[in-house]
Amino acid sequence: MLTEEALYWIALHQAPGIGPKRFYRLLTAFGTAQGAWKSESGALAAVLGQKVAADLLAFRRTTSPAAEGEKVLQAGWGVLLVTDPTYPPLLKQIIDPPPILYYQGPFRPEDQLAVAVVGSRRATPRGLAAAREIGAGLAAQGVTVVSGLARGIDSAAHRGALAVTGGRTIAVLGSGLDRVYPPENRRLMAEIAESGVVCSEFPLGTPPYAGNFPARNRVISGLSLGVTVVEAKTDSGSLITADFALEQGRDVFAVPGPVEREGSRGPHGLIKQGALLVEEAKDILEALNLSYFATDELLAAKEKETEFSPVEQKIWDLLAAGETHLDHLIRASGIPAATVNSVLVLMEMEGFVTQVAAKTYCRNHHKHR
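Just so we're aligned, residue 1063 is where the sequence shown starts under our numbering, counting upward by one.
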């Protein structure tokens, strides 16, 4: 059941020209989506400018928020607002996160331990095998695999995670959830929804326009502690995902390949720019300080430890001052942003720290070592 305010979020989110930045500008100006939707032309123009305000008013005359909400419910998709406590915490950290995620298959707390695997649609057999093995290796260690449901590397990474008992994977679409792209991945999408999540920030009925995919790539990296690129030409969209990862303070990993292959140029270029060369899932886990999270037995042993790891101890000491912003933890610790993110996720899951506000953490004094 959708709240009345959620209906206005859905309608406003679909309006032409209203991307995340303008959506949040409207919420700031009018307090609620309903308030923005019902505002007069002059007030809207003051926030959006004349043209976008006129387009919104025209859209409003032909759109019923209740009817739009009903369409989503009839389609069977979930709606997750950025204000919902179950909205993915890592994604919420990025600048102007998607106000709404449409999804099938619920997000779970363990999805905070996620790594993206992306690459060429026209992958070689070697690249497909590498993506499958990395996807399976990450899933076997309890890490959720994020990708974009595209042909080639994306599909191989998803399938690798699905091949592991209990493995989880998240597919992020560049279209509405009812417009599966590519069409031949309809069955794969259904398999992912059964045990993982399929999601999109685009409303139902949105075609897979080329311009949608950079926004989709931003969400892929935003959901992840790091992005792994397996085969990509120099003009590949996978490199856009890697760029977003860097902007978001996430790690970038690259799988090297034969120097004579065009698909090796993207990963090799990333390595030259500082991306970590990886050959298997173990390399990624170690880089993110997740290697000890591998099995139930190791996790149980971790819970029985009487000492923090050096990285955990440094973060714990910095939190002694009280509520502390993520940016300060990164600067003061001198630890890479992606590592701080991953360790905070684990410490939160273990009950040692609490996220009290966006990107702000404090010690949980009910549990300590």
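Glycine is no exception: its CB is placed at the ideal position from the N, C-alpha and C atoms.
Could you give the first and the last residue of the continuous beta strand (DSSP E) run that contains residue i?
| i | result |
| --- | --- |
| I1162 | 1162–1166 |
| G1140 | 1140–1143 |
| A1225 | No beta strand (DSSP E) holds A1225; DSSP gives it neither H nor E. |
Who are residue i's beta bridge partners in DSSP?
| i | result |
| --- | --- |
| Y1423 | T1386, Q1417 |
| S1262 | Y1164 |
| T1206 | A1176 |
| T1290 | V1179, F1315 |
| L1338 | F1315 |
| V1234 | C1261 |
Excluding the 5 residues preceding and the 5 following residue i in the sequence, name in chain order all residues of the same chain whose CB lies nearer than 6 Å to its CB.
| i | result |
| --- | --- |
| P1276 | I1302 |
| T1268 | S1237, G1238 |
| L1153 | P1159, G1284, L1285 |
| E1131 | Checking the displayed sequence, the identity of residue 1131 turns out to be Gly instead of Glu. If we look at G1131 and ignore the five residues flanking it on each side, its Cβ neighbours are L1064, L1069, I1072. |
| S1300 | V1180, G1181, V1291, A1294 |
| G1213 | The sequence given here has Arg at residue 1213, not Gly. So the list reads R1183, P1244, once near-sequence residues are dropped. |
| S1262 | Y1164, L1235, L1239 |
What are the boundary residues of the alpha helix (DSSP H) that includes residue i?
| i | result |
| --- | --- |
| D1313 | Not the alpha helix (DSSP H): D1313 falls in the beta strand (DSSP E), residues 1313–1317. |
| A1450 | An answer regarding residue 1450 cannot be provided, because it is not within the stretch 1063 to 1431 covered by the chain. |
| A1114 | The question names Ala, but residue 1114 in the sequence shown is Val. That run of the alpha helix (DSSP H) goes 1112–1123. |
| I1377 | 1372–1380 |
| A1400 | 1399–1411 |
| R1084 | 1082–1092 |
| I1302 | 1299–1309 |
| Q1136 | 1127–1137 |
| D1240 | Element bounds for D1240: n/a, residue is neither H nor E. |
In or out: residue i buried (at least 16 other Cβ within 10 Å) or exposed?
| i | result |
| --- | --- |
| P1160 | buried |
| D1297 | exposed |
| R1278 | buried |
| I1254 | buried |
| D1358 | Confidence is the limiting factor: at D1358 the pLDDT is only 46, short of 50, which leaves the residue's position unreliable, though a coordinate-based value still follows. Label assigned to D1358: exposed. |
| I1157 | exposed |
| A1383 | exposed |
| R1123 | exposed |
| A1363 | Low per-residue confidence applies at A1363: pLDDT is 41, beneath 50, and the placement is therefore not dependable, though the value from the model is reported in the following sentence. Label assigned to A1363: exposed. |
| T1368 | Interpretation of T1368 is limited by its pLDDT of 44, a score under 50 that renders its predicted location unreliable; the figure taken from the coordinates is listed afterwards. Exposed, since its Cβ has fewer than 16 Cβ neighbours within 10 Å. |
| R1248 | exposed |
| Q1203 | buried |
| D1389 | exposed |
| S1126 | exposed |
Take residue i as the anchor and find which of the options has the nearest alpha-carbon.
| i | options | result |
| --- | --- | --- |
| A1115 | L1175, R1123, L1135, G1104 | G1104 |
| K1133 | G1299, S1209, L1266 | L1266 |
| R1170 | A1107, E1341, F1370, P1150 | P1150 |
| L1175 | D1379, S1300, L1287 | L1287 |
| G1311 | M1251, L1380, S1404 | S1404 |
| E1322 | E1342, G1396, D1345, K1295 | K1295 |
| L1347 | L1408, F1370, L1388, G1336 | L1408 |
| Q1166 | F1121, Q1375, S1257 | S1257 |
| P1434 | S1300, D1146, A1212 | Given a span of 1063 to 1431 for the chain in the structure shown, any question on residue 1434 remains unanswerable. |
Closer than 8 Å by C-beta to residue i: which residues in its own chain qualify, once you throw out the five before and the five after it? Chain order, please.
| i | result |
| --- | --- |
| S1034 | Since the first residue shown for the chain is 1063 and the last is 1431, residue 1034 is missing from the structure and cannot be characterised. |
| A1419 | E1385 |
| A1137 | L1239, D1240, L1266 |
May I ask whether a heavy atom of the ligand GDP can be found less than 6 Å away from the beta carbon of residue i?
| i | result |
| --- | --- |
| N1351 | Because no ligand of any kind appears in the structure shown, any question about the ligand GDP cannot be addressed here. |
Apart from the five residues just before and just after residue i, which ones in its own chain have a Cβ nearer than 7 Å to its Cβ?
| i | result |
| --- | --- |
| A1225 | A1198 |
| V1373 | N1351, I1397, T1401, V1405 |
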